[in-house]
Structure formats: C-alpha cells, structure tokens
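Enquirer: Input: one structure, supplied below.
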Amino acid sequence: MGPVEFIVLAFPEEQLRVPAVEAVMGLRKAGVVRLIDGLVVTKTAGGEVLAAEFDEFMELQGLLRHREAAQLIGAEDVQESAELLERGSCALLLLVEHVWAEDAAIAVRAAGGRIVGSVRIPPERTEAA
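Residue 177 in the working numbering sits at position 45 of the sequence shown, with consecutive numbering throughout.
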C-alpha cells in the first residue's frame, strides 16, 4: 500500500461545488489515488456541524461502494475538520491512498525500510519559492 493522506477540501457554501468534486474524483478514476473513506461535513450558518455519507449526495453516490476497510474517519476527525470551516460552508473529508507511490513504497519495504513521515507543503510556500 502507498502513503495514505487525510485531506479536507472546503467549499464556501453549504453545498458541494460539483466541478471541483468531479476534478478530484477524476484522480480516483485515473488510478492516481484510491479512496479509502470519505464524508461530507457541513457547518451551518448557525454553527451546527453535520456529517453525511457520500451516498446521500447524487454526485458522490457509489464512490465508496468497494470500500475495503471499515469507516476510518470518525467523530473526532469531523469535529477537528469543522473547526477549520467558516459558518455556512462545507467540506469533503477524504482518506486517500497515493497509488502512484505504491511501487516506491513496496521497494522501500523490500529493502527493509519504511515510510516514516510525510509533510504537505502549502501552495503559498511553493509559489513564493
């Protein structure tokens, strides 16, 4: 298995932006990432936090149909992610495996090594460089 990452993609309204969702899910279809788990979290204008399964949204139905593991994104993840959201917005919570890195991970493990860390560099930092 390649590296796994938890990603929170926020949207400025209480509903998903379909073109953005389609672009992200295109990576899954292309085999670049494998979607392990996912939820949609909404922070209402009143501050209430709601979590919903993908199948509750037409554009996300069936994406986790072949889920191999139990639900891995839990209530604590939902609450921590909701703290990142403004009122009246929503987010996709995704747990993805970087399939593109699987061959490298296999080679590292075969050599007795292991992946011990990963850091996502914010786009602002790389643009400045």
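We put the beta carbon where it would ideally sit given N, CA and C, even for glycine. Note that the coordinates shown come from a computational prediction; the quantities given were computed from them, not determined experimentally.
1. Which of helix, strand or coil does DSSP assign to residue 137?
2. Over the uninterrupted alpha helix (DSSP H) stretch that includes residue 183, give me the two end residues.
3. Please list the segments of the alpha helix (DSSP H) lying wholly inside the stretch 138-170, counting only runs of 4 or more residues, in order along the chain.
4. How far does the alpha helix (DSSP H) with residue 207 in it reach, from first residue to last?
5. Work out the CA separation of residue 136 and residue 249 for me, nearest whole Å.
6. Measuring only the C-alpha atoms, how far is residue 159 from residue 165?
7. Kindly indicate which three-state DSSP category residue 251 falls into: helix, strand or coil?
8. Return helix, strand or coil for residue 217, following the three-state DSSP convention.
9. Flag this pair as yes or no: are the beta carbons of residue 210 and residue 171 separated by less than 8 Å?
Expert: To lay it out plainly:
1. strand
2. Unbroken run through residue 183 is the beta strand (DSSP E), 181-184; no alpha helix (DSSP H).
3. 150-161
4. 207-214
5. 10 Å
6. 6 Å
7. coil
8. coil
9. yes
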